[in-house]
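Colleague:
In the numbering used here, the protein residues as written are 2 to 490.
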């Protein structure tokens with residue numbers, strides 16, 4: 002059987018760009034990143050078929066369909082047995098979907114996946130765990146430790162060849178497939194090393210064909226680079242249905258699962274886990290977990306909250322301001338963007354009169370949380386003020402709001418749900434932008450809210466207050482009013 006001559010290309014290992022000749026610098030800016038790879042095409046007779054011209058035959062059979070007449074696909078979700086994972090996925094695994102999960106080494110990706118595989122196998126579904134990094138004995142040891150008994154329908158395969166994996170899937174017909182990891186897999190159609198850009202792209206396409214053709218949900222584990230980004234070409238992220246990222250600090254037991262892409266659900270939900278000796282356990286009360294070691298009324302400590310998906314998450318912002326002895330003052334932050342911190346410091350100097358030029362400023366988000374968005378801005382500013390002035394809040398205070406360059410407080414979303422969560426946690430007052438406070442007053446009918454209490458006027462002009470279950474809402478226009486409400490006795 003005649004075959005075409007193999008094609009040789011040079012592929013950039015950073016972005017996946019292909020060139021017919023070697024280049025010193027890629028279009029992405031990387032130097033010396035091109036590697037010669039040989040593509041082995043399929044036999045010419047197989048591609049053309051008995052009809053001769055394959056292109057002419059394929060175009061004759063291609064027909065468009067009216068979208069209105071297309072039958073609704075059966076997007077029945079599979080319960081993973083882990084509530085937090087179901088939440089992030091949008092309610093469970095969709096049949097035929099491809100889910101890509103990444104994270105730092107040792108963060109718990111394999112632990113989460115083996116627990117999910119065991120839960121699905123206990124419900125009668127055949128599960129195939131394909132491992133290219135560990136032996137079958139190593140997977141058995143982990144399963145004994147975290148699964149609490151290995152179900153009968155859980156199969157393991159130590160294999161790195163994609164053609165062999167496809168053959169096993171065709172014979173076993175699994176209800177759930179796991180690939181750990183895609184960087185260790187290779188296809189015989191590509192003459193390059195496993196983990197290269199071409200191999201990752203080819204294996205991703207083969208897995209997509211398996212999932213879509215046989216309606217099998219697939220979990221794909223991917224490595225990350227030093228910067229925390231997914232290793233390999235962006236093509237893999239585009240072809241999968243869901244991209245999950247597992248984060249956390251090694252010296253903390255908390256783990257956060259977040260979706261960066263989800264075709265069958267929202268990307269705003271997060272899942273919280275705690276790493277223990279017998280595996281990952283779910284955290285349903287995230288706010289209580291992050292604030293369990295938070296002592297009341299400490300200098301440089303202010304609680305804040307962000308809204309993640311369908312629930313508020315509360316955590317503590319800690320600040321330390323001390324005189325700089327030599328050289329330039331340091332600005333160090335853990336969990337907060339350093340550029341955002343520099344902007345808040347500039348606003349504090351200009352609008353609040355704080356002399357921070359010769360002061361070292363350290364910011365820390367307790368518990369290893371890395372919040373997204375701008376709602377923690379006000380808490381960061383108040384924590385810095387508290388540490389600089391050595392003043393603690395007289396009441397248990399939670400602060401939310403975005404700080405503008407002019408010192409004004411800009412509104413944030415879902416403040417009513419954050420306020421109710423703060424009341425449940427025992428906080429006495431919530432400082433928020435005035436527009437959010439006025440919206441809460443309008444929803445309460447101008448005075449009496451559904452939760453109970455009344456809306457009054459605060460000490461500063463235009464500051465609105467509202468109470469519920471002993472928790473007062475203070476609306477402020479700018480940073481100066483927020484500092485006044487925070488330090489008021």
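For glycine and all other residues, C-beta sits at the position ideal for the given N, C-alpha and C.
Going along the chain, which residues of its own chain have a beta-carbon closer than 6 angstroms to the beta-carbon of residue 13, five neighbours each way excluded?
Modeller: Answer for residue 13: 27, 34, 35, listed in chain order.
Colleague: Please classify residue 32 as buried or exposed, where buried requires at least 16 neighbouring CB atoms within 10 angstroms.
Modeller: Per the 10 Å Cβ criterion, exposed.
Colleague: What does the Cβ neighbour count give for residue 46, buried or exposed, with the cut at 16 atoms within 10 Å?
Modeller: Note that residue 46 scores a pLDDT of 45, beneath 50, so its modelled location is shaky and nothing firm can be said.
Colleague: So what does residue 272 bridge to, in DSSP terms?
Modeller: Residue 272 pairs with 258.
Colleague: Less than 8 angstroms between the beta carbons of residue 410 and residue 351, yes or no?
Modeller: Contact: no.
Colleague: First and last residue of the alpha helix (DSSP H) that includes residue 200?
Modeller: Start and end: 198-215.
Colleague: Quick one: Cα of residue 177 to Cα of residue 322, how far?
Modeller: Between residue 177 and residue 322, the C-alpha separation is close to 53 angstroms.
Colleague: Residue 111 and residue 225 - do their beta-carbons sit closer together than 8 angstroms?
Modeller: No.
Colleague: Does the structure place the segment 309-318 close enough to the segment 360-377 that three or more beta carbon pairs sit under 8 angstroms?
Modeller: Cβ pair count under 8 angstroms is three or more, so yes.
Colleague: Near residue 78, which residues of its chain fall below 7 angstroms by C-beta distance, leaving aside the five closest residues on each side in sequence?
Modeller: Contacts found: 92, 93, 94, 95.
Colleague: Measuring alpha carbon to alpha carbon, tell me which residue in 149, 148, 155 is nearest residue 122.
Modeller: Nearest option by C-alpha distance: 155.
Colleague: Can you give the Cα-Cα distance for residue 464 and residue 354, rounded to whole angstroms?
Modeller: Per-residue confidence for residue 464 stands at a pLDDT of 43, beneath the threshold of 50, marking its modelled position as unreliable; no derived number is given.
Colleague: Tell me which residues share the same chain as residue 566 and place their Cβ nearer than 6 angstroms to its Cβ, disregarding the 5 neighbours each side in the sequence.
Modeller: In this structure the chain extends from 2 to 490, so residue 566 is not present and cannot be described.
Colleague: Can you check the segment 112-146 for any beta strand (DSSP E) of at least 3 residues that lies completely inside it and give the ranges in chain order?
Modeller: Complete beta strand (DSSP E) runs here, min 3: 128-132.
Colleague: For residue 386, which residues in the same chain have their Cβ closer than 6 angstroms to its Cβ, ignoring the five residues on either side in sequence?
Modeller: Answer for residue 386: 484, listed in chain order.
Colleague: At which residue ranges does the segment 302-354 contain complete beta strand (DSSP E) runs of 3 or more residues, listed in the order of the chain?
Modeller: Counting whole runs of 3 or more residues, the segment 302-354 contains the beta strand (DSSP E) stretches 302-309, 312-324, 332-335.
Colleague: Are there 16 or more other CB atoms within 10 angstroms of the CB of residue 486, so buried, or fewer, so exposed?
Modeller: Buried: at least 16 other Cβ atoms inside 10 Å.
Colleague: Between which two residues does the alpha helix (DSSP H) carrying residue 400 extend?
Modeller: Run containing residue 400: none in the alpha helix (DSSP H); it sits in the beta strand (DSSP E), 398-400.
Colleague: Label residue 120 either buried or exposed according to how many other C-beta atoms from any shown protein chain fall within 10 Å of its C-beta, with 16 as the threshold for buried.
Modeller: Per the 10 Å Cβ criterion, buried.
Colleague: Alpha carbons only, please: which of 371, 345, 168, 269 is nearest the one belonging to residue 406?
Modeller: Of the candidates 371, 345, 168, 269, the one whose C-alpha sits nearest the C-alpha of residue 406 is 345.
Colleague: Cα separation between residue 311 and residue 280?
Modeller: For residue 311 and residue 280, the distance between alpha carbons rounds to 26 angstroms.
Colleague: By the 10 Å Cβ neighbour count, where 16 or more other Cβ atoms means buried, how is residue 286 classified, buried or exposed?
Modeller: It is exposed - the Cβ of residue 286 has fewer than 16 other Cβ atoms within 10 Å.
Colleague: Who are the near neighbours of residue 84 in its chain, counting only those whose CB is closer than 7 angstroms to its CB and skipping five residues on each side?
Modeller: Once the five neighbours on either side are set aside, the close Cβ partners of residue 84 are 283.
Colleague: Using alpha carbons as the reference points, say which of 247, 277, 243 lies closest to residue 254.
Modeller: The option with the nearest alpha carbon to residue 254 is 277.
Colleague: Between residue 70 and residue 218, what straight-line distance do the alpha-carbon atoms span, to the nearest angstrom?
Modeller: One C-alpha to the other measures close to 26 angstroms.
Colleague: For a minimum of 3 consecutive residues, which ranges assigned as the beta strand (DSSP E) are wholly contained in the segment 354-397?
Modeller: Entirely contained in the segment 354-397, the beta strand (DSSP E) runs reaching 3 residues are, in chain order, 360-366.
Colleague: Per DSSP, what are the beta-bridge partners of residue 159 in this structure?
Modeller: Paired residue(s): 132.
Colleague: Tell me the rounded alpha-carbon separation between residue 338 and residue 373.
Modeller: Going from the Cα of residue 338 to the Cα of residue 373 covers about 9 angstroms.
Colleague: For residue 472 and residue 432, what's the separation of their Cα atoms in angstroms?
Modeller: Rounded to the nearest angstrom, the two C-alpha atoms are 11 angstroms apart.
Colleague: Tell me where the beta strand (DSSP E) around residue 11 begins and ends.
Modeller: Its beta strand (DSSP E) spans residues 8-13.
Colleague: Which residues bound the alpha helix (DSSP H) around residue 84?
Modeller: It spans 84-90 - the alpha helix (DSSP H) in which residue 84 sits, taken as one unbroken run.
Colleague: Tell me the DSSP bridge mates of residue 430?
Modeller: DSSP output for residue 430 lists 398, 473 as bridge partner(s).
Colleague: Taking the C-alpha atoms as reference points, what is the distance between residue 25 and residue 10?
Modeller: Rounded to the nearest angstrom, the two C-alpha atoms are 14 angstroms apart.
Colleague: Within 10 angstroms of the Cβ of residue 347, are there 16 or more other Cβ atoms? Answer buried if so, exposed if not.
Modeller: It counts as exposed.
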